[in-house]
Every structure is written in C-alpha cells, then in structure tokens.
Amino acid sequence: STLALSSGGSDDLTITAGTGAVTLTGAVTLNDNDLTIASSQSSVITGGISGSTGALDITDSGTTDVNGALAMSGAGTITLDGATLGADVTTVGGAINFSGAVTADQGSATAVGTGAGAGDVTFGSTLALTSGGNDDLSITAGTGAVTLTGAVTLNDNDLTIASSQNSVITAGISGSTGA
39 STLALSSGGS DDLTITAGTG AVTLTGAVTL NDNDLTIASS QSSVITGGIS GSTGALDITD
99 SGTTDVNGAL AMSGAGTITL DGATLGADVT TVGGAINFSG AVTADQGSAT AVGTGAGAGD
159 VTFGSTLALT SGGNDDLSIT AGTGAVTLTG AVTLNDNDLT IASSQNSVIT AGISGSTGA
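Going letter by letter, the sequence shown gives residues 39 to 217 in the working numbering.
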C-alpha cells in the first residue's frame, strides 16, 4: 500500500519501532514534509520514497535496505545510518549523508547524487561494492563535496565521482579490477 503526506509542510511523520522493523512496501510521497524513522532494528524500503523539500531521516540500529529509489525533486535532505543500496539515492541540491556502513548490491549501476548545484554527499563509515562486477557506483555532488571517511572496497566494480567541488578520501580505496 502507499503512503502520501499532503503538501504544505505540516504533515511530518515520525515512526518509532524500537527493536522491531519498519517495512515500506508501497510508494511513499513526502511532498514538502519530513519522514523520520526514529528507531528500529532495521528498515526495508521497496516502493521508493519521493518528495521535494522535506527531509528523510532513518536511524536504525541495524541497516536500511533500500530497494526502491529515494528521490527528492528539490533541496530535501536524506540521512541514513547503515544502508544496503539496491536503488538510486538522489536530491536536487539537498545533502545526502550515510553515517553507518554502506554496501551497494543492486546488481547494476547505482547513483547517489545531489545534482549540479550545492549539496554534499557524505559516507561517514565504510563503503563496499559487492563482488561480481555489476555494482558500479556513481556519485554526483555538483558544487558540493564528496566525503569518503571509511575504507572503500571496490572489489571488481567501478566507482566514479562524476562531479564535486572537493573530494575527500581519508581511509583509502581498494579493489581488484574496478576503475
């Protein structure tokens, strides 16, 4: 089933699951509202989440499994703890922040980006592309910065920083045949 928050910025939603899981199987539309998953063991997003200038903030003690695109059409922001990326994560000028470990496992190219303008992309822990050569990752930050704080493991995939004002890599990048 779907979830839609009406426009106007006054329909913010906070979900608290404690040690349980949050599963969003249908499309979620934020418009200009905020969606916060304040605590859960894990979250699964299969139908995708879209919005404009709202904020998506997911704080899990485990990981967030992203199998549907997270797409903000405006300067909305996206903040996730640890995540398994099986779909694109994009904004138009809003910051994207992964504070926990991230694994890309889509089986094809994945994009994380803030568009051509401002908007930083931050990976605050490790970033791993699963082996098999089909999990390439492209990061676009326009005039924002790309920060890769933890070790990056390419395995046999490609990592492309398509655009950014600055790129900071603090723990190195390793891989076998990735570019």
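All C-beta atoms in this analysis are idealised placements derived from N, C-alpha and C, irrespective of residue type, glycine included.
Same chain, Cβ closer than 6 Å to residue i, five either side skipped, listed in chain order
i      : result
GLY112 : SER90, THR91, VAL130
VAL184 : VAL159, ILE177, ILE199, SER202, SER205
GLY151 : THR128, THR178
ASP72  : ASP50, GLY92, ALA93
GLY86  : ALA65, GLY106, ALA107
ALA139 : GLY120, SER163, THR164
THR190 : In the sequence as displayed, the identity of residue 190 is Val instead of Thr. The residues are LEU165, ILE211.
THR67  : ALA42, SER88
THR54  : ALA76, SER77
THR141 : THR122, ALA166
Whole-Å CB distance - residue i paired with residue j, under 8 Å assumed
i      : j      : result
THR74  : ASP49  : The Cβ separation is near 12 Å, so there is no contact.
ASP143 : GLY120 : That belief does not hold up - the Cβ atoms of ASP143 and GLY120 are roughly 13 Å apart, past 8 Å.
SER212 : LEU197 : In fact, because the Cβ distance is near 11 Å, the residues do not count as touching under 8 Å.
LEU186 : THR208 : 7 Å
Cβ-based burial, residue i [other Cβ within 10 Å; buried from 16]
i      : result
SER80  : buried
THR14  : Outside the displayed span of the chain (39 to 217) sits residue 14, for which this structure offers no information.
SER146 : exposed
GLY182 : buried
ILE134 : buried
THR57  : exposed
ALA291 : Residue numbering for the chain in the displayed model covers 39 to 217; residue 291 lies beyond these limits and cannot be assessed.
THR52  : exposed
THR115 : buried
Cβ neighbours of residue i in the same chain (closer than 8 Å, five flanking residues each side left out)
i      : result
ASN105 : VAL82, ILE83, THR84, GLY124, ALA125
Same chain, Cβ closer than 7 Å to residue i, five either side skipped, listed in chain order
i     : result
THR61 : VAL82
(request) Entirely within the stretch 72-117 and at least 3 residues each: give me those beta strand (DSSP E) ranges in chain order. (result) Positions of the beta strand (DSSP E) runs, each at least 3 residues long and wholly inside the stretch 72-117, are given as 73-77, 80-83, 87-89, 93-96, 102-104, 108-110 in order along the chain.
(message) Extract the residue ranges of the beta strand (DSSP E) inside the stretch 112-146, only unbroken runs of 3 or more that lie entirely within it.
(response) 115-118, 121-123, 134-136, 140-142
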